[in-house]
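In what follows, a structure is listed as structure tokens, so that the remarks can point back to it.
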Amino acid sequence: MGLGDSVPGVSGGTIAVITRIYEELISSIRKFDITFMRLICQFKLQDAWRHVNGSFLLILAIGMVSGLLLSANSVLYLLSNYFEALMAFFFGLVVASAALLSSEIPVLRFRYGAAALFSILTTALIGSLEPAAASEQGLGYLFFCGFIAVSAMILPGLSGAFILILLGAYETMLIAVTSLYWLQIGVFLTGCVAGLLLFSRLLSQLLFHYRTLCFSIICGILLGSLPALWPWRLASLIDSGAENSAQALQSVNVWPLTYADRTGESPKLVLVALCIMLGAAVVLISDRVASKKTESRNTDQVVRS
Numbered sequence: 439m440g441l442g443d444s445v446p447g448v449s450g451g452t453i454a455v456i457t458r459i460y461e462e463l464i465s466s467i468r469k470f471d472i473t474f475m476r477l478i479c480q481f482k483l484q485d486a487w488r489h490v491n492g493s494f495l496l497i498l499a500i501g502m503v504s505g506l507l508l509s510a511n512s513v514l515y516l517l518s519n520y521f522e523a524l525m526a527f528f529f530g531l532v533v534a535s536a537a538l539l540s541s542e543i544p545v546l547r548f549r550y551g552a553a554a555l556f557s558i559l560t561t562a563l564i565g566s567l568e569p570a571a572a573s574e575q576g577l578g579y580l581f582f583c584g585f586i587a588v589s590a591m592i593l594p595g596l597s598g599a600f601i602l603i604l605l606g607a608y609e610t611m612l613i614a615v616t617s618l619y620w621l622q623i624g625v626f627l628t629g630c631v632a633g634l635l636l637f638s639r640l641l642s643q644l645l646f647h648y649r650t651l652c653f654s655i656i657c658g659i660l661l662g663s664l665p666a667l668w669p670w671r672l673a674s675l676i677d678s679g680a681e682n683s684a685q686a687l688q689s690v691n692v693w694p695l696t697y698a699d700r701t702g703e704s705p706k707l708v709l710v711a712l713c714i715m716l717g718a719a720v721v722l723i724s725d726r727v728a729s730k731k732t733e734s735r736n737t738d739q740v741v742r743s
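Letter by letter, the sequence shown follows residues 439 to 743 in the numbering used here.
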């Protein structure tokens, strides 16, 4: 999830859906409530830990932070040198994820089909927006960016990194992480925590009362994010700076042959196709493993009862 959230166009929420931990994640986060605070004030720390599914969240947080720290130093290199392959891999991830989700949704029913179509169009529209120019941002603005970006990160298909690009804060936060500017990082994370606690409660209620409808929307969001993951693009400069990942990711999607004609470079069709298949295979294998673990857990519960 940490690696996914650092790449513009990719969502950590998508990874959570792929690995079948999405609903448990949302449910665990919303448990940071009045009951949790009361247990803390009563020094019932073990009860508080169990209430919020602390072991699950701690392991997940360690993995996400590790992924973010790793990707902060490597994502620019990968986007600059292996852009087509990287985007193709995530393209395959998202296509396979949407296919798995759609198999569980009665999309032919008008209510669910309309919800999926609306979310496809909305997500594609967000992805077509022009980014704000990068500039010096105050701490209050970084808090706001964290609050908004984390709401996107928790939704499958909406990239928190891309939202930061739209807000003009992607480069600022990437530099802050790689240079360990703790004040900026702390303020940004505070905004993330505030947004996470508020948004997770809303999502949890929606998933509980309208589960199938929510997954129809999530499936649409995944499909609507595909244009942001298209491997072949013609880069255009934004402002007067040198080309970087944000500029490349805001360029125009083109067909492979058009890309070859305009750039004089190979579209790497075989490599792209292999990476798409690899991404899809990762999803299918992860789904198979997660399904077996769920069946094993259910069997153990039946045996114990």
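In this text, a Cβ means the ideal position worked out from N, Cα and C, and glycines have one as well.
{"query": "Return the residue from the list Ile472, Val490, Ser724 and Gly658 that minimises the CA-CA distance to threonine 561.", "result": "Gly658"}
{"query": "DSSP state of valine 690, grouped into three classes?", "result": "strand"}
{"query": "Helix or strand or just coil, what does DSSP make of arginine 547?", "result": "coil"}
{"query": "Under the assumption that glycine 633 contacts valine 692 (Cβ atoms under 8 Å), give the Cβ distance between them as a whole number of angstroms.", "result": "No, glycine 633 and valine 692 are not in contact; Cβ-Cβ is about 35 Å, not under 8 Å."}
{"query": "Less than 8 Å between the beta carbons of leucine 661 and alanine 536, yes or no?", "result": "yes"}
{"query": "Express the C-alpha separation of phenylalanine 481 and isoleucine 714 in angstroms, rounding to a whole number.", "result": "50 Å"}
{"query": "With a cut-off of 8 Å on the beta carbons, I'd call phenylalanine 474 and alanine 486 a contact; round off their distance for me.", "result": "6 Å"}
{"query": "Quick check on the burial criterion: 16 or more other C-beta atoms within 10 angstroms. Buried or exposed for cysteine 479?", "result": "exposed"}
{"query": "Tell me which same chain residues have a C-beta within less than 6 Å of the C-beta of alanine 614, skipping the five on either side of it?", "result": "Gln622 and Ile623"}
{"query": "Would you mind sorting arginine 468 into buried or exposed? The rule is 16 or more other CB atoms within 10 Å of its CB.", "result": "buried"}
{"query": "Quick one: Cα of alanine 554 to Cα of leucine 539, how far?", "result": "11 Å"}
{"query": "In terms of residues, what are the limits of the alpha helix (DSSP H) holding arginine 649?", "result": "649-662"}
{"query": "Among residues of its own chain, excluding the 5 on either side of glycine 679, which ones have a beta-carbon nearer than 7 Å to its beta-carbon?", "result": "Residue confidence is low: glycine 679 scores 47 on pLDDT, short of 50, so the model does not pin down where it sits. Its coordinate-derived value is still stated next. Excluding positions up to five away in sequence, the list is empty."}
{"query": "Residues in its own chain within less than 7 Å of threonine 650 by CB, not counting five upstream and five downstream?", "result": "Ile543 and Tyr550"}
{"query": "Under 8 Å between the Cβ atoms of glycine 440 and glycine 492?", "result": "no"}
{"query": "If you check the beta carbons only, do methionine 611 and serine 449 fall under 8 Å apart?", "result": "no"}
{"query": "Taking its Cβ as the centre, do 16 or more other Cβ atoms sit within 10 Å of tryptophan 620, making it buried, or is it exposed?", "result": "exposed"}
{"query": "With a threshold of 7 Å on Cβ separation, who are the neighbours of phenylalanine 582 within its own chain once the five nearest residues in sequence on each side are excluded?", "result": "Gly629"}
{"query": "Do histidine 489 and leucine 477 have their CB atoms nearer than 8 Å?", "result": "yes"}
{"query": "Apart from the five residues on each side of it in sequence, which residues of its chain come closer than 6 Å, Cβ to Cβ, to lysine 706?", "result": "Glu522"}
{"query": "Identify every run of the alpha helix (DSSP H) within the stretch 587-622, keeping only runs that are complete inside it and at least 4 residues long; order them along the chain.", "result": "598-604 and 608-617"}
{"query": "Please classify glycine 578 as buried or exposed, where buried requires at least 16 other C-beta atoms within 10 Å of its C-beta.", "result": "exposed"}
{"query": "Would you call the CB atoms of valine 532 and leucine 712 closer than 8 Å?", "result": "no"}
{"query": "Between which two residues does the alpha helix (DSSP H) harbouring tyrosine 460 extend?", "result": "460-468"}
{"query": "Return yes when the Cβ of valine 503 is within less than 8 Å of the Cβ of isoleucine 656, no when it is not.", "result": "no"}
{"query": "Under 7 Å Cβ to Cβ from serine 465, same chain only, skipping five residues before and after it: list those, please.", "result": "Ser642"}
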